[in-house]
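Working notes, structure below.
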Amino acid sequence: MRTWAYLLGGLIVWTVHFFAVYVAASIFLTSTTARVVTALVTFVCLAAATTLTLRGWAGRVGATDPERRWIHTIAALSGATAFLAIAWQGLPALLI
Amino acid sequence: MSSETGFDPALYERFPTTGERPAGEFDELNRIWAAPTGIAKLTAVNNNYVGVWYIATAFLFFVLAGVLALVMRAQLALPLQGILPQETYNQFFTMHGTIMMFLFAVPIMEALGVLLLPQMLAARDLPFPRLSAYAFWAYFVGGLCFFASIFFGLAPNGGWFMYPPLTSTTYSPGINADFWLLGIGFIEISAIAGAIEIIVGVLRTRAPGMSLREMPIFAWGMLVFAGMIVIAFPSVILATLLLELERALNWPFFDPTRGGDPVLWQHLFWFFGHPEVYIIFLPASALVSMMIPALARTRLVGHNLIVLAFLATGFISFGVWAHHMFATGMPALSVGFFAAASMAVSVPAGIQVFSWIATFASGKPVFNTPTLFVLGGLVTFVIGGLTGVMVALVPFDWQVHDTHFIVAHLHYVLIGGAVFPLFAVFYYWMGMTSRRPLSERTGKWVFWLMFVGMQVIFLPMHLTGLMGMPRRVYTYLPGRDWEITNMISTIGAFIFAAGVLLFLIELARNFRFTVEDDAGNVYGGGTLEWLPTGLYSTRSIPVVNSRYPLWDDPGICKDVEEGRYFLPNAPTGHRETIITSPVRAEPEYVQIMPGPSAWPLLAAVFTAGFFVILTIQAYGVALFSGVLAVLCVLRWLWDTDRPIAVEQADVGAGIMLPTYVTGPRTHGWWAMIVLLVVIGMIFLMAVFSYFYLYGIHPQFWMVEAQGWWLFPIVGLYALAALLAWLGRRLLAREDVSEWTPSGLLLWGMVAAGAAFILDLWSWRATGLTGDASGQGAIIHALFTLQGCLVFILALMAVYLAARTGRALIIKPCNNTFDLITLFTWYLAGQGAASALLTRLVPGGF
Ligand code: HEM
Ligand SMILES: [Cu+2]
Chain A
6 MRTWAYLLGG LIVWTVHFFA VYVAASIFLT STTARVVTAL VTFVCLAAAT TLTLRGWAGR
66 VGATDPERRW IHTIAALSGA TAFLAIAWQG LPALLI
Chain B
297 MSSETGFDPA LYERFPTTGE RPAGEFDELN RIWAAPTGIA KLTAVNNNYV GVWYIATAFL
357 FFVLAGVLAL VMRAQLALPL QGILPQETYN QFFTMHGTIM MFLFAVPIME ALGVLLLPQM
417 LAARDLPFPR LSAYAFWAYF VGGLCFFASI FFGLAPNGGW FMYPPLTSTT YSPGINADFW
477 LLGIGFIEIS AIAGAIEIIV GVLRTRAPGM SLREMPIFAW GMLVFAGMIV IAFPSVILAT
537 LLLELERALN WPFFDPTRGG DPVLWQHLFW FFGHPEVYII FLPASALVSM MIPALARTRL
597 VGHNLIVLAF LATGFISFGV WAHHMFATGM PALSVGFFAA ASMAVSVPAG IQVFSWIATF
657 ASGKPVFNTP TLFVLGGLVT FVIGGLTGVM VALVPFDWQV HDTHFIVAHL HYVLIGGAVF
717 PLFAVFYYWM GMTSRRPLSE RTGKWVFWLM FVGMQVIFLP MHLTGLMGMP RRVYTYLPGR
777 DWEITNMIST IGAFIFAAGV LLFLIELARN FRFTVEDDAG NVYGGGTLEW LPTGLYSTRS
837 IPVVNSRYPL WDDPGICKDV EEGRYFLPNA PTGHRETIIT SPVRAEPEYV QIMPGPSAWP
897 LLAAVFTAGF FVILTIQAYG VALFSGVLAV LCVLRWLWDT DRPIAVEQAD VGAGIMLPTY
957 VTGPRTHGWW AMIVLLVVIG MIFLMAVFSY FYLYGIHPQF WMVEAQGWWL FPIVGLYALA
1017 ALLAWLGRRL LAREDVSEWT PSGLLLWGMV AAGAAFILDL WSWRATGLTG DASGQGAIIH
1077 ALFTLQGCLV FILALMAVYL AARTGRALII KPCNNTFDLI TLFTWYLAGQ GAASALLTRL
1137 VPGGF
């Protein structure tokens, strides 16, 4: 379980983020409140994705066992993917 | 090297073993795995048989739905044609879309999983062979009955996404819509059964040493595929249940005049429907990623990135459903979010496409038939992906919504992303199940006809759509410039059909089913499915430490065939496979597998019967069929979960593994957890519907049940959970006579039943009925769900008592008991949550 949570950590953060912004827009509609909530959620999730990426990368560099190393690699990649995706997903709040 | 389970990886060094294998052990293996003959062959559960039947049936539905498409295209060739009257056209496009999506695309992917996964993982079979057989037969019988509705003019006619209010009783009074709602029922069941099988199979039956890092890409694809089914299908299960309840009992889930909302259907449907297209695309693309290395004679470029792309797709595809609803008037900000997410979803697909191109570029591809199909699919899919990004742009989508532009887009994606890859698969893997490979010469004809046909049909159709021709309309008036493009599309359809026909002829000429003397590895693949096999799969199960074992270890085929690896024999005298750990695939225990049986077949026939007969409203007969189905399932389960004489088996090289294991590490436990996730998702979607309806029409929420009822209700549910837990604990005790474990569980069932009845009764006492309002409807829906669980628990408790009576519940630990306990815990949790929700939101205290 912990291995999986770590492996998929970035993607989970991304999922939390997009559901959170959908909920915000559904409840507060197109309002300043919704934009502020979006911004807050986005920053928190970006921070989490950054942490996961850095941790994964550090683990990857330090690992000797090929399996652990692989898990760190995927965790780092999924964190990095999530970072980009979250930033992109938050943008509409600035435009609309 | 570290270990996951305490297994010492140094033991792998003992393989391949040296020395002679004892005489006779191979014959024994053959005897144990032999298939029944004659008519009894239908009771076979071996994946080699079930997989091929499954694929053949799915392909049959592809052809049938294709015939419907041809007739539709003939109707649209010229304006004001009279081939198909309006009503029939409606039934045709609904059946075509529904069959293609539900009876062809998803089942064929599961079928390929059933056939290929055990071979690729070098398992003897998937962990629940009878479940695959059940899934197949339910689909086969139910699917054919469903299709037959078109001959009686009873086929559904509301389009493959069946939007209410069009499909409500007001506008669809006939039983056509019920055919869809219930006909999809057995498909949902069989898809979920398959998904459970695949998840547990991929995670727990891999060859020893095949860690996640070395797992073949197809296994990754299927894992994500099955995970997505588990999360997505519950949504459509709930949606169909609600709409059927609305139609049958007048509970207004989707009727805005009484506190329901038709857009709720769209949310539920598309929360399933969008992932559905990835459910189709992922396995197909995973197969492409398996074939390309062999076709290009080099390793897949960016293996890890593809794994990441699969996983990312699995998550993000649940975040874009509302792009099908841009025209419904959502808040502008929501629309913006969904547009952004929809564009992001193309990135993982792009990663795969670039990785394929890079692999082809770095290898030496030969332009044989599978390569052509793969490349043709790639080109087609990319075009469909580009129009996909176009419709993710909201203003553009408003322009082309519900026009033939969308029809062109979806066919580009589906045919490029799934159909062409599937034909590549047929050519590439034919050597595994046929004595003769398919001809390359005709193969090229098949490809070019299909490829050219595809472009001729659908490229001009974009223009038809941009010129404004709506989809799902049976004809058009002359003089709108739609004639030319429509005629071209129709011509293309017949070219495409010629390709498919040629393929059918080719199958008749060259496909000869076999398991033993197959044509073999014609295209030189490097993964385990090309090991020499029989019905027992591989003679022995190799230790894997590479992504392309056949390329990296030239001796592997010989060693495997001579039994120099794991499980070269049948040490227990039963069918068996090795259960390994999920991350590093370390051997954990020997699973005893069931053999041929007629019960899954019968259970499937009666399950399909139940749903089909329900549609024609012969409720008594349907119920009878349902009861028979349950009895058959119980009878089939009766033989399972029995310890065998050999407690520890030598699985090769002196490594001993247990043959009966209980608790959270067993494959049964895992399957139960997956099943509970499915049930939990259904509940979660119902909770979503609850909030949704309350949020949209709070003025219809007038009834309050008294809050203090919560204490007895939640208390009784807690008691049920506690009794189950206590029963499980007491199983270990030798001398219990009064409070026997199964007795406790029965009492737990009674407590849960009492809680349920109390909850229901206290709500009914307020005068609330299902047809009163959106609130009444959704509360009654929650009761329906909970009632089903209570009913199943009652069955389980009785079954447990019967097993106890026959001394089949062995001490101190027992899988049947464990699983029923898990179920009781879940049920208690859901019941309490539902009681709390209905009383605290919007607030009853
Ligand atoms: C080349 C073969 C095919 C042809 C000629 C074809 C033709 C058509 C036609 C004429 C329609 C109805 C258009 C309308 O009036 O709205 C349609 C709809 C559809 N097709 Fe196909 N089709 C083909 C293959 C496929 C495949 C392989 C799939 C899926 C795997 C598929 C999935 C669908 C779906 C989902 C719809 C929408 C049905 C609806 O509107 O409810 N088709 N197709
Ligand atoms: Cu979509």
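Top to bottom, those sequences are chains A and B.
This note's numbering applies: residue 6 is where the first sequence begins, and numbers increase by one.
This note's numbering applies: residue 297 is where the second sequence begins, and numbers increase by one.
Cβ coordinates follow ideal geometry from the N, Cα and C atoms, glycine included.
Neighbourhood of residue i by C-beta, 7 Å cutoff - its chain only, sequence neighbours within 5 removed
{"i": "Trp19 of chain A", "result": "Ala87, Ala90 and Ile91"}
{"i": "Leu898 of chain B", "result": "Cys928"}
{"i": "Val974 of chain B", "result": "Ile488, Val526 and Pro530"}
{"i": "Ala407 of chain B", "result": "Gly347, Tyr350, Ile351 and Ala354"}
{"i": "Phe1141 of chain B", "result": "Bear in mind that a pLDDT of 44 at Phe1141 of chain B, under 50, signals an unreliable position, so the model cannot answer this."}
{"i": "Gln270 of chain B", "result": "What is shown of chain B runs 297 to 1141, which leaves residue 270 of chain B out entirely."}
{"i": "Leu1091 of chain B", "result": "Val926"}
{"i": "Leu307 of chain B", "result": "Ile951"}
Reference residue i; option with closest CA among the options
{"i": "Arg595 of chain B", "options": "B:Gln562, B:Ser658 and B:His620", "result": "B:Ser658"}
{"i": "Thr301 of chain B", "options": "B:Asp1055, B:Arg961 and B:Arg1099", "result": "B:Arg961"}
{"i": "Ala925 of chain B", "options": "B:Phe482, B:Ile837, B:Pro756 and B:Leu718", "result": "B:Phe482"}
{"i": "Val811 of chain B", "options": "B:Asn342, B:Leu360 and B:Ala336", "result": "B:Asn342"}
{"i": "Phe1007 of chain B", "options": "B:Ile978, B:Trp566, B:Trp694 and B:Ala1128", "result": "B:Ala1128"}
{"i": "His620 of chain B", "options": "B:Pro558, B:Val687, B:Trp1005 and B:Phe907", "result": "B:Val687"}
{"i": "Trp934 of chain B", "options": "B:Gly454, B:Trp652, B:Tyr1095 and B:Glu324", "result": "B:Tyr1095"}
{"i": "Glu736 of chain B", "options": "B:Ala1014, B:Gly891, B:Ala1051 and B:Tyr723", "result": "B:Tyr723"}
{"i": "Met750 of chain B", "options": "B:Leu366, B:Pro312 and B:Arg1135", "result": "B:Leu366"}
{"i": "Ser83 of chain A", "options": "A:Leu12, A:Leu45 and A:Val49", "result": "A:Leu12"}
{"i": "Ile653 of chain B", "options": "B:Glu872, B:Pro332 and B:Pro589", "result": "B:Pro589"}
{"i": "Leu34 of chain A", "options": "B:Tyr385, B:Leu1054, B:Ile992 and B:Leu1104", "result": "B:Ile992"}
{"i": "Gly610 of chain B", "options": "B:Phe568, B:Phe650 and B:Arg593", "result": "B:Phe568"}
{"i": "Ala419 of chain B", "options": "B:Leu356, B:Ala444, B:Ile494 and B:Thr463", "result": "B:Ile494"}
{"i": "Pro644 of chain B", "options": "A:Leu16, A:Trp9 and A:Val49", "result": "A:Leu16"}
{"i": "Thr47 of chain A", "options": "B:Ala628, B:Ser1038, B:Ala1001 and B:Phe633", "result": "B:Phe633"}
{"i": "Thr873 of chain B", "options": "B:Phe398, B:Pro414, B:Thr333 and B:Pro332", "result": "B:Pro414"}
Closer than 8 Å at the beta carbon, the chain A residues around residue i
{"i": "Ala640 of chain B", "result": "Ala90, Trp93 and Gln94"}
{"i": "Val603 of chain B", "result": "Ile79"}
{"i": "Ala636 of chain B", "result": "Trp93, Gln94, Leu96 and Pro97"}
Sequence-distant residues of the same chain with beta carbon closer than 8 Å to residue i, five excluded per side
{"i": "Trp778 of chain B", "result": "Pro375, Thr760, Met763, Met765 and Tyr772"}
{"i": "Gly315 of chain B", "result": "none"}
{"i": "Leu1115 of chain B", "result": "Gly964, Trp965 and Met968"}
Residue i at chain C interface by Cβ criterion, 7 Å
{"i": "Ser1130 of chain B", "result": "Absent from the structure: chain C. Protein chains present are A and B."}
Cross-chain neighbours of residue i in chain A, by beta carbon under 7 Å
{"i": "Leu989 of chain B", "result": "Within chain A, no residue comes near Leu989 of chain B; the closest Cβ sits about 13 Å away, beyond 7 Å."}
{"i": "Ser507 of chain B", "result": "Glu72"}
Chain-order list of residues whose beta-carbon lies under 6 Å from that of residue i (same chain, five-residue window excluded)
{"i": "Gly393 of chain B", "result": "Trp456"}
{"i": "Gly61 of chain A", "result": "His77, Ala80, Ala81 and Gly84"}
beta-carbon residue i near ligand 3 non-hydrogen atom, thresh 6 Å
{"i": "His570 of chain B", "result": "This structure simply doesn't include ligand 3; it includes ligand 1 and ligand 2 instead."}
Proximal chain B residues relative to residue i, where beta-carbon distance stays under 7 Å
{"i": "Tyr27 of chain A", "result": "Ser630 and Phe633"}
{"i": "Thr86 of chain A", "result": "Leu604 and Ala608"}
{"i": "Leu16 of chain A", "result": "Leu607, Ala608 and Phe611"}
Partner residues on chain B for residue i, Cβ-Cβ distance less than 9 Å
{"i": "Leu34 of chain A", "result": "Pro627, Ala628, Leu629 and Ser630"}
{"i": "Thr20 of chain A", "result": "Phe611, Ile612, Phe614 and Gly615"}
Under 8 Å from the C-beta of residue i: neighbouring residues of chain B
{"i": "Trp75 of chain A", "result": "Ser507, Leu508, Arg509 and Asn600"}
{"i": "Thr37 of chain A", "result": "Within chain B, no residue comes near Thr37 of chain A; the closest Cβ sits about 11 Å away, beyond 8 Å."}
{"i": "Leu82 of chain A", "result": "Asn600, Leu601 and Leu604"}
Query raised in the report: If you pair each beta-carbon of the region 500-508 of chain B with each one of the region 869-888 of chain B, do three or more pairs fall below 8 Å?
Result: Touching, yes.
Requested in this report: Specify whether the region 654-670 of chain B and the region 699-708 of chain B touch according to this definition: at least 3 beta carbon pairs, one from each stretch, less than 8 Å apart.
Outcome: Output reads no: the region 699-708 of chain B does not touch the region 654-670 of chain B.
**Report entry** the region 67-74 of chain A touching the region 320-331 of chain B, judged by at least three CB pairs closer than 8 Å
**Finding:** Too few Cβ pairs lie closer than 8 Å, so no.
Requested in this report: Evaluate contact between the region 1066-1074 of chain B and the region 554-563 of chain B, counting only Cβ atoms and requiring at least three cross-stretch pairs below 8 Å.
Outcome: yes
Query raised in the report: Counting Cβ pairs, one atom from each stretch, are 3 or more of them under 8 Å apart for the region 570-577 of chain B and the region 396-407 of chain B?
Result: In this structure the region 570-577 of chain B lies against the region 396-407 of chain B, because at least three pairs of beta carbons, one per stretch, are closer than 8 Å.
Query raised in the report: How about the region 661-668 of chain B and the region 688-696 of chain B: do they share at least three Cβ pairs that are nearer than 8 Å?
Result: As far as the Cβ criterion goes, the region 661-668 of chain B does not touch the region 688-696 of chain B, which means the pair count is below three.
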